[in-house]
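Asks: Following this message is one structure expressed as structure tokens.
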Amino acid sequence: MPHPFLIKEVAVKRVASAMFALAVVASVACDEQFTGGIQNPHADATITLQNNYFDPASVTINAGDTVLFVWPGSTHNVYFDGTPGSPAPCTNMAIGDCYRVFAVAGTFNFTCTLHPGMDGMITVK
Ligand SMILES: [Cu+2]
């Protein structure tokens, strides 16, 4: 029979690892893409995908901020230039929204691969 103090220590470690797992899930859930409409109105900056330009084409945010990309009705995508810290792309859709978190400072150029010249830039301070 283990000493009661040892049993309590194991339980605390299990709770701590469960909380860590929840924190990981919560941070991953911030990068999301939805077709059909705005699902989560939280954003630090919003960029709308117009025909055929980003409005606005450039925004400046702080590290840790979330950018909301909005598709009001025509097919576009958002691909980042691969700079370290770039988020995953938002893939083709016509109506929907995509959230991307920018965790580190830098300049992140992005483009819609369907429309040459449809480019934008996010500066993270
Ligand atoms: Cu486009």
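Number 104 in numbering that gives the first Met the number 0 belongs to position 105 of the sequence shown; there are no gaps in the numbering. For each residue, glycine too, the CB sits at the ideal point set by N, CA and C.
(1) What is the rounded straight-line gap between the Cα of Ser85 and the Cα of Phe107?
(2) For Cys29, which of His75, Pro83, Asn91, Gly63 has the nearest alpha-carbon?
(3) Beta-carbon within less than 7 Å of Thr45's beta-carbon, same chain only, minus the 5 sequence neighbours each way: which residues are those?
(4) Helix, strand or coil for Leu125 per DSSP?
(5) What does a CB cutoff of less than 6 Å around Met92 pick up in its chain, not counting 5 residues either side in sequence?
(6) So, helix, strand or coil for Gly63, using DSSP?
(7) Using three-state DSSP, classify Val24 as helix, strand or coil.
(8) With a Cβ-Cβ cutoff of 8 Å, do Val77 and Cys111 count as a contact?
(9) Taking 7 Å as the cut-off, is the beta-carbon of Cys97 closer than that to any non-hydrogen atom of ligand 1?
(10) Rounded to whole angstroms, how far is the Cβ of Gln32 from the Cβ of Cys97, which I believe are closer than 8 Å?
(11) Mind checking whether Val103 and Val123 have CB atoms under 8 Å apart?
(12) State the CB to CB distance for the pair Phe53 and Asp80, rounded to an integer number of angstroms; the pair is presumed to be in contact (CB under 8 Å).
(13) Identify the residues that DSSP records as bridge partners of Gly95: which are they?
Replies: For this structure:
(1) 7 Å
(2) Gly63
(3) Leu67, Val69
(4) This structure does not reach residue 125, given that the chain is present from 0 up to 124, and the question cannot be answered.
(5) Thr34, Trp70
(6) coil
(7) Low confidence applies here, because Val24 scores a pLDDT of 41, under 50, leaving its location unreliable and the question unanswered by this model.
(8) yes
(9) no
(10) 4 Å
(11) yes
(12) In fact, because the Cβ distance is near 14 Å, the residues do not count as touching under 8 Å.
(13) Thr34, Trp70
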